[in-house]
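Enquirer:
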Amino acid sequence: MNIKLLSVIFLISLFVSSCGTQKTTLSLNQKASMAADTGNYEQATKQWEAYLAQNQETENPVNAEIYAQLGKAYFHLERFDQSEAAFDQARFKNYADADMYLMMSKNYHRIDNLSKEITVLEYYKDHLSPQGDSSFMRKRLFQTYVVSENWDLAEQAWQVLGEDSKKEADCLQDYFVVNKALKKNEKCDTIALELLKVDAKNRKALDWMAKKYYDRAENRYQKSMNYYNKHKSTKNYNKLLKELDRVTADFKKSLKYFDQLWEMEDGHQYASYLANIYARFSDKKKSQYYKKFM
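My numbering puts the first residue of the sequence shown at 36, with every later residue one more than the last.
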């Protein structure tokens, strides 16, 4: 009888002890969540660390979301290595949420790990976009494609970019770079003009427009002069004068952009263009001035 009684008492004690451990463990998790909700991330990490240690000791399974929440708390404390490790644990357990992937992308951007950043951004695009405002992530994915010179993917990413992002100077400049790489010259013309509306001193756009009109003017000049020199006549001379009027108009358009570029840092690299334009205008003095910088 005594043996049976002792057995019952032992089982009751074991049950009470187990319940007490579970209650303590749940309390640690709840305290951590409450601390994180109030922005006390230092306290939150301590509580979650204790929670994980206790579960490891009792070999109880841990909900993957706990690792994600711990990773977010570490991120807020700028303990980025620990944050990444916690997020990796969450991913290993097939957990994902929008904020977690946002922080992961920012961390990979911080350490300049472009390949991992793209992987995270693509996963977000394919699986997590509906969870909230994805404008930042879509913009960042577009930018990473530009940096990595994935021109076709960058073009696709642009199509789903938010309208506000498409009006920003940095995105417009990147899209200009994409279309230049894809040799879509007419589109570059349009983008360059749009870019100058939001950033009047944008060097890439000014350079593109200046050279566009310069090349068109110089090519027309060479072609017209060569044709006239081979087929001299009064009729062709009159045609030449009309062509030279068009040449002058384009050189003037080009000059408007080159003048702005000249005032910028390293603007002297455009000296040969300016010298030639003024030579075409028969302005020897100005042409000689710019030749000094060649």
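Don't be surprised by glycine CBs; every beta carbon is placed ideally from N, CA and C.
Do you know offhand how far residue 92's Cα is from residue 192's?
Expert: Between residue 92 and residue 192, the C-alpha separation is close to 47 Å.
Enquirer: Please state the DSSP three-state secondary structure of residue 233.
Expert: DSSP places residue 233 in helix when its eight states are reduced to three.
Enquirer: Taking 8 Å as the threshold, find out whether the stretch 215-222 comes into contact with the stretch 248-261 through three or more Cβ pairs.
Expert: Segments in contact, no.
Enquirer: What does the Cβ neighbour count give for residue 221, buried or exposed, with the cut at 16 atoms within 10 Å?
Expert: It is exposed - the Cβ of residue 221 has fewer than 16 other Cβ atoms within 10 Å.
Enquirer: Grab me the residues of residue 228's own chain with a C-beta within less than 8 Å of its C-beta, minus the 5 sequence neighbours each way, in chain order.
Expert: Here the set comprises 240, 244.
Enquirer: What are the start and end residues of each continuous alpha helix (DSSP H) run of 4 or more residues lying completely inside the stretch 66-128, in chain order?
Expert: As far as the stretch 66-128 is concerned, its whole alpha helix (DSSP H) runs of at least 4 residues are 76-93, 99-111, 115-127.
Enquirer: Roughly how many angstroms lie between the CA atoms of residue 114 and residue 88, to the nearest whole one?
Expert: The alpha-carbon atoms of residue 114 and residue 88 are separated by roughly 19 Å.
Enquirer: What number of angstroms, rounded off, separates the C-alpha of residue 143 from the C-alpha of residue 102?
Expert: About 18 Å.
Enquirer: Sort 81, 181, 145, 246 by Cα distance to residue 289 and report the nearest one.
Expert: Of 81, 181, 145, 246, the residue nearest in Cα terms is 246.
Enquirer: Looking at the secondary structure, which residues open and close the alpha helix (DSSP H) in which residue 205 lies?
Expert: Unbroken alpha helix (DSSP H) run through residue 205: 204-216.
Enquirer: So residue 282 is in the alpha helix (DSSP H); what residue range does that whole segment cover?
Expert: Run containing residue 282: 269-297, per the alpha helix (DSSP H) assignment.
Enquirer: So, with DSSP's three-state summary, where would you put residue 303?
Expert: Residue 303 falls in the helix class under three-state DSSP.
Enquirer: In whole angstroms, what separates the C-alpha of residue 56 from that of residue 109?
Expert: With a pLDDT of 42 at residue 56, under the threshold of 50, the modelled position of that residue is not reliable, and the figure given next carries that caveat. Rounded to whole angstroms, residue 56 to residue 109 spans 26 Å at the Cα level.
Enquirer: Roughly how far, in whole angstroms, is the beta-carbon of residue 149 from the beta-carbon of residue 183, given that I think they are within contact range, below 8 Å?
Expert: The pair is a contact, with the Cβ atoms about 6 Å apart (cut-off 8 Å).
Enquirer: Can you give the beta carbon distance from residue 107 to residue 134, rounded, assuming they're within the 8 Å contact cut?
Expert: Sure, about 6 Å apart at Cβ, within 8 Å.
Enquirer: Round the Cβ separation of residue 194 and residue 230 to the nearest angstrom and send it over; I've been treating them as touching at under 8 Å.
Expert: That pair is no contact at about 18 Å.
Enquirer: Does the Cβ-Cβ distance between residue 325 and residue 310 come in under 8 Å?
Expert: Cβ distance < 8 Å, so residue 325 and residue 310 count as in contact.
Enquirer: If you reduce the DSSP assignment to three classes, tell me which class residue 181 lands in.
Expert: It is helical.
Enquirer: Taking only three categories from DSSP, how would you classify residue 162?
Expert: Residue 162: helix per DSSP, three-state reduction.
Enquirer: Do you know offhand how far residue 130's Cα is from residue 226's?
Expert: Straight-line Cα distance between these residues: approximately 41 Å.
Enquirer: What's the C-alpha gap between residue 82 and residue 171?
Expert: Near 32 Å, if we compare the C-alpha coordinates of residue 171 and residue 82.
Enquirer: Please tell me whether residue 173 and residue 196 are closer than 8 Å, where the distance is taken between their beta carbons.
Expert: It is a contact, given that the beta carbons lie within the stated cut-off.
Enquirer: Roughly how many angstroms lie between the CA atoms of residue 156 and residue 136, to the nearest whole one?
Expert: Whole-angstrom Cα-Cα distance: 8 Å.
Enquirer: How many angstroms separate the CA atom of residue 280 from the CA atom of residue 255?
Expert: Cα to Cα, residue 280 sits roughly 11 Å from residue 255.
Enquirer: Grab the span of the alpha helix (DSSP H) containing residue 188 for me, first residue to last.
Expert: Counting along the chain, the alpha helix (DSSP H) containing residue 188 begins and ends at 186-194.
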